[in-house]
Amino acid sequence: PGDLKDKVDPYLRPLYDALFDMLGADKFNIYTIKDGTAPYFVTVQAVDGTTWKLVMCVSQNEMVESLRKTEGLYILIGVIAILFAIAVVSRVVSIIIAPLKGLTEGIARLTDGDFTVQIEAKGNDEIGRISHALGAYVDSMRAVIKDVQNISLQLDEKAGVSATTSESLSQTAESQSQSMEDMRTTIE
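The structure is reproduced here in structure tokens:
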């Protein structure tokens, strides 16, 4: 008995009055109302095929708290994703830089004249191919240096033989010159 409007708890009266004013809404709308202290999000929607209206009410404080928790979760996920990306990029850079460091050190030693350096060629990428080509160059330079050393040793041996022959010829020439001098002295 009586009207529903008369049976509403006085604490919820402002909420009920606001909802009663919105019941005529035909589409889905969100309204903000206050019950005296706390604001609420309210939506009113007609139920198809009936004269009923569906009223949903959520405390704005609860909604904001839930959004803040979700926001905090998204920030945490974002920070973790950024840290993961930094770790992956650092690893990829170190994988790329390590062969370049070895190649650079090898080239520096070569420019200092150290042909004992070993250039390791790893992989089939551009750096690996450059390393392989530089290793082949170092091997060919070692062969050239070895050939030059062998030719130098042969020339040194031949120079020694030439020096010995030259000294022998010089002694023979001196001996003949002395003999000629002796003959001239004898003839006179």
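According to my numbering, the residues represented by the sequence shown are 1 to 188, in order.
Glycine residues also receive a C-beta, built at the ideal position from the N, C-alpha and C atoms.
Bear in mind the structure is a predicted one, so any value in this text is a computation, not a measurement.
Check your understanding: Is the stretch 99-111 close to the stretch 126-143, with three or more CB pairs under 8 angstroms?
Key -> Flag = yes, the stretch 99-111 and the stretch 126-143 touch.
Review point. So the beta strand (DSSP E) Gln154 belongs to, where does it begin and stop?
Key: Premise fails: Gln154 lies in the alpha helix (DSSP H), 126-187, not in any beta strand (DSSP E).
**Study point:** Counterpart residues of Ile33 in DSSP-defined beta bridges
**Key:** Looking at the DSSP assignment, Ile33 forms a beta bridge with Tyr40.
Review point. Taking C-alpha atoms, which residue in Asp139, Leu67, Arg68 lies nearest to Glu120?
Key: That would be Asp139, whose Cα lies nearest to the Cα of Glu120.
Check your understanding: Where does Lys69 sit, in a helix, a strand or coil, going by DSSP?
Key -> In the displayed model, Lys69 falls within a helix according to three-state DSSP.
Check your understanding: Sorted by chain position, which residues of the same chain lie with C-beta nearer than 7 angstroms to Met183's C-beta, five sequence neighbours on each side aside?
Key -> Excluding positions up to five away in sequence, the list is empty.
**Study point:** Residue burial classification, Tyr74 (beta-carbon count within 10 angstroms, cutoff 16)
**Key:** So Tyr74 counts as exposed.
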